[in-house]
Structure formats: C-alpha cells, structure tokens
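Colleague:
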Amino acid sequence: YLATCPKSASLTGYFEALKTVELEKPADVPSDLKDASRDGKALGHGQGYLYPHAFRDHWVAQRYLPAGFEGRVFYEPTSEGYEARIRPLVLQHRELLLALEKEPAEENLTYSPQGMSPWARRLAGSSSRIVESAVQKAVADLPLRRHERVWVAKDFAFLVTREILQLVPEGGVWTSAGGEEPESALFDVLPEVSRPVIFRQQVYKSDPQWEASGLQFDQVVVWTSAKENFNAAQFLASCKPLLAPASRFTVVEPVSVQRLSEYLPPGLLNAPELEALLSAEDVFFEKLGQTGQEDGRVHVFQERRILTPEDWGTWWDAERIGGLGAFLSTQGVSKELLSRIARAPVPREVDWKRAWRQRTYTTESFS
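In the working numbering, each residue carries its 1-based index in the sequence shown increased by 700.
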C-alpha cells in the first residue's frame, strides 16, 4: 500500500518554517498563548485564549503566530490522497485567519480592561466566524447560475469572492480590492483559470480594460461597512456599461439590532422610566432604518462579547454628539437617568446580536 498510495512532498513546509524561525528570530509568543498558571495575573498570559474544543468543529480563528509572521504560508495541501480531502477545509481556515489578522494584536503588559482591548474583546466574540457565517448565508441566497459572471465591487477580506467562486465555475468572479494585499492565500493555490480577476486600485471602481473588452456582469455584489453612506443608484449609474441586460444587484450592509436596554441591571429603573427609555430606543432604531422590518432579508447571528464599563458609559453619554445617549436625551430621557445608566454595573460577557441586511434588485429598477 505504501508503495502505491498517493504521495506528497508538502512535509518540506515544516523544515521551511523551522528555518524561517531560526533565521528571522521572531517576536515573543503571543501573550494569549502563554501559560496562564504562572504569570497570568501579572502579565496577562493566557488572557483572551479561546479553547478550540469549545467551538463547533473543534476549531476557532485566533492568533497563533508572533508579530511579523502573520500571513506567512508554509503548508500547502496537495490534491492527492488524504490531503485532497482536507484541502478545502485547510484553505477555508487560512482565509479566516487572514481576515482576523487585518487588525494588529496588542500585548497585555498589565492586567486591566484597557490591556485587553481591542484584541481580547474581538476574540471573545470570535468575530471572524460570525462574518464567515454571514457571508455564507448571503451568498447562498444569491440566485446564481454556474455560467454567470459576477463582479464583487466591494468585499470583506475576499470572503465573498471565495464563496461565489464555488458557485460559478463556468462563469467567473471579478473583484475590486482597493489595494488590499495579499489577494489571498486561497487564490494563490487555485489553477490560473479558476482564480478571480483582481482590480487592486479602488473598491466600487472597475478596471477600464473590462469595459473596453465588452465585459458585462450578470450579478454585482457589494458588501458595505457600517461607516459608509452607500448610494446604490449613484453606483449603478457609474457602471451601467458593465451591466448585462436583466442583471441583478445585491447590497449587504451591517445593521444594528442589539438593544442596550437588554443589559440593564434589574431594578435600576422604575416602570415609568423604563417605559420612556424603551420608547425612545424604538425611535432611535426607526431613525436608523434598522428595525429589521424594512425591505430585504436580515441575517441575525449571536456571539459572546466582552462588555467594558468604558464602552457602556460612552454609549449612554448624553454629551457625545451623534451617539445613542445624545439622541435619547432629545426624546425626553433625562440626562440624570442616562448618567445613572452609564454608571450602572454591567455583565462582563454578554450575548450580542450582529446582523446584516441583504437586498437584491434588478438593475433595470434603477434605470
């Protein structure tokens, strides 16, 4: 059996990694991976570590490499034998880790809430898994056919591109990356004909060569961020020559569905105060257009999140322009009440809802 079974030389990746460590002398082991039993309290060792076996499939995206090593790839599973079976999962995990590394890690030099922010707070929610689930759900709802051409005009760490690639093997995916590098370890190992076409200059913009070649898309997808003020009609007007007849346009945007009133300590407010607060909070979500009852499909997910007193106080601050507290004060909630809420003790870990709204239109509806 050993003489005839499929063989791989990917073991050489171990020696490459060992050589790299010896030559480059990387930074110290990340604090969350260090032994918490000895210096956990004094130096924050082990703080924020996520135990993989407590998660689905016994795996969770978290930082394992020292600073300077993130994004380095040493192991490439082949398409032979056992490696062929695990290859898709290995590449999927790698993509999630690359998305997680988009934010720099911070070392915990003191044991304090500030020392845990923002790295530990983000890990506590395992945000990369939540975003991955949202992307998978959104792409599964796209009415795609195998031969269609899709333009991802804005992505999140190439997760949308990765999912769509699997659904249009006879068509293709074109992605506007906005200068994001690396384009993805996943794409590097795909056959040339199966890789997405990447335009690195700007998001929401197309490569001039696409239009010059007569390329037209059957589906356009945009994954927006919370801080954007995206105008769908204006965007589609700017790229009209690239849209095939009866093409479709899908925008996925984060929406606020988590109500902070759910975390109020029991007995903090009397009945009239609580009623006034909840009514004002309803108006706040209506103004945002994020009650979950508007057009489109809303995908809701839940994660564990560390809630710090600093965050809690900031959200309820009546003096912070544009914030929740300032808005509630305009709806009849007194500043004294908001101050009392801001000073109230809150749970350290909470179940936090995150949601994305997905809306799909025919591009003809914007003409």
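Each residue gets a CB set at the ideal place from its N, CA and C atoms; glycine is no exception.
For a test of the three-state rule: what should DSSP assign to Ser1039, helix, strand or coil?
Modeller: Within the sequence shown, numbered from 1, the residue matching residue 1039 stands at position 339. Here Ser1039 sits in helix by DSSP.
Colleague: Looking at Trp923: is its Cβ nearer than 8 Å to the Cβ of Val952?
Modeller: Here residue 923 corresponds to residue number 223 of the sequence shown, with the count starting at 1. Here residue 952 corresponds to residue number 252 of the sequence shown, with the count starting at 1. Contact: yes.
Colleague: Less than 8 Å separating the beta-carbons of Pro843 and Arg948?
Modeller: If you number the sequence shown from 1, residue 843 lands on position 143. If you number the sequence shown from 1, residue 948 lands on position 248. Yes, Cβ-Cβ distance for Pro843 and Arg948 is below 8 Å.
Colleague: Please go through the same chain and pick out, in chain order, the residues whose beta-carbon is closer than 7 Å to the beta-carbon of Leu1050, but skip the five residues on each side of it.
Modeller: In the sequence shown, counting from the first residue as 1, residue 1050 sits at position 350. The amino acid at residue 1050 is misidentified as Leu; the sequence shows Val. Correct list, in chain order: Tyr963, Arg1005, Leu1007.
Colleague: My assumption, with CB atoms under 8 Å, is that Arg772 sits in contact with Pro730. Please give the rounded CB distance.
Modeller: Along the sequence shown, read from residue 1 onward, the residue named residue 772 stands at position 72. Along the sequence shown, read from residue 1 onward, the residue named residue 730 stands at position 30. Going by Cβ atoms, the distance from Arg772 to Pro730 rounds to 15 Å, so no, they are not a contact pair.
Colleague: Taking all protein chains shown into account, do 16 or more other C-beta atoms lie within 10 angstroms of the C-beta of Cys939, making it buried, or fewer, making it exposed?
Modeller: Within the sequence shown, the letter at position 239 stands for residue 939. Label assigned to Cys939: buried.
Colleague: If you run the structure through DSSP and keep just helix, strand and coil, what is Leu797?
Modeller: Locating residue 797 in the sequence shown gives position 97, where the first residue counts as 1. Reduced to three states, the DSSP call for Leu797 is helix.
Colleague: Take Ser1034 as the anchor and find which of Phe1001, Gln1002, Glu975, Thr1062 has the nearest alpha-carbon.
Modeller: Position 334 of the sequence shown holds residue 1034. It is Glu975.
Colleague: Between the stretch 965-979 and the stretch 1033-1048, do three or more beta carbon pairs fall short of 8 Å?
Modeller: yes
Colleague: With DSSP as the reference, identify every bridge partner of Thr778, one or two as the case may be.
Modeller: Indexing the sequence shown from 1 puts residue 778 at position 78. Answer is none; Thr778 lacks a bridge partner.
Colleague: Which residue comes first and which comes last in the beta strand (DSSP E) that contains Glu1049?
Modeller: Along the sequence shown, one-based indexing puts residue 1049 at 349. Where Glu1049 is concerned, the enclosing beta strand (DSSP E) stretches over 1049-1062.
Colleague: Would you report the Cα separation of Ser648 and Val790, rounded to the nearest angstrom?
Modeller: The structure shown does not extend to residue 648, since the chain spans only 701 to 1067, so no value can be given for it.
Colleague: So, Val983 versus Trp1012, is the Cβ gap smaller than 8 Å?
Modeller: Translated into the one-based positions of the sequence shown, residue 983 becomes position 283. Translated into the one-based positions of the sequence shown, residue 1012 becomes position 312. It is not a contact, given that the beta carbons lie outside the stated cut-off.
Colleague: Considering only the alpha carbon of each residue, which of Pro965, Glu724, Gln792 lies closest to Asp757?
Modeller: The residue labelled residue 757 in the question sits at position 57 within the sequence shown. It is Gln792.
Colleague: Does DSSP classify Leu844 as helix, strand or coil?
Modeller: Translated into positions along the sequence shown, residue 844 becomes position 144. Leu844: coil per DSSP, three-state reduction.
Colleague: Alpha carbons only, please: which of Phe858, Thr1062, Ala1042 is nearest the one belonging to Arg1020?
Modeller: Position 320 of the sequence shown, counted from the first residue, corresponds to residue 1020. The option with the nearest alpha carbon to Arg1020 is Ala1042.
Colleague: Does Glu928 come out as helix, strand or coil in the three-state DSSP assignment?
Modeller: Position 228 of the sequence shown, counting from 1, holds the residue named residue 928. Looking at Glu928 - three-state DSSP - the assignment turns out to be coil, as it is neither helix nor strand.
Colleague: Would you call Thr1030 buried or exposed, if buried means 16 or more other Cβ atoms sit within 10 Å of its Cβ?
Modeller: Taking the sequence shown and counting its residues from 1, the one referred to as residue 1030 is at position 330. It is exposed - the Cβ of Thr1030 has fewer than 16 other Cβ atoms within 10 Å.
Colleague: Are the CB atoms of Val903 and Gly878 nearer to each other than 8 Å?
Modeller: Stepping through the sequence shown from its first residue, residue 903 is reached at position 203. Stepping through the sequence shown from its first residue, residue 878 is reached at position 178. The beta carbons of Val903 and Gly878 sit closer together than 8 Å.
Colleague: Thinking C-alpha only, which one of Thr950, Ala1026, Glu724, Val760 is nearest Thr1060?
Modeller: Taking the first residue of the sequence shown as position 1, residue 1060 is located at position 360. Nearest C-alpha to Thr1060: Thr950.
Colleague: Is it right to say Ile786 is buried, meaning 16 or more other beta carbons lie within 10 angstroms of its own, or is it exposed?
Modeller: Within the sequence shown, numbered from 1, the residue matching residue 786 stands at position 86. It counts as exposed.
Colleague: Mind reading off the beta-carbon distance from Leu865 to Pro896? Whole number of angstroms is fine, and I expect it under 8 Å.
Modeller: For the purposes of this step, residue 865 is taken as residue 165 along the sequence shown, with counting starting at 1. For the purposes of this step, residue 896 is taken as residue 196 along the sequence shown, with counting starting at 1. Contact holds; Cβ gap of about 6 Å.
Colleague: Is Lys940 helix, strand or coil by DSSP?
Modeller: Locating residue 940 in the sequence shown gives position 240, where the first residue counts as 1. Helix, per DSSP.
Colleague: Note down the Cα distance separating Gln901 from Ser876, rounded to an integer number of angstroms.
Modeller: As a first step, residue 901 is located in the sequence shown; it is residue number 201 there, counting from the start. As a first step, residue 876 is located in the sequence shown; it is residue number 176 there, counting from the start. Spanning the two alpha carbons is a distance of roughly 7 Å.
Colleague: Pop quiz: Trp1056 and Ala784 are said to be a contact at Cβ under 8 Å. What is the actual Cβ separation, rounded to whole angstroms?
Modeller: Here residue 1056 refers to the residue found at position 356 of the sequence shown. Here residue 784 refers to the residue found at position 84 of the sequence shown. That pair is no contact at about 33 Å.
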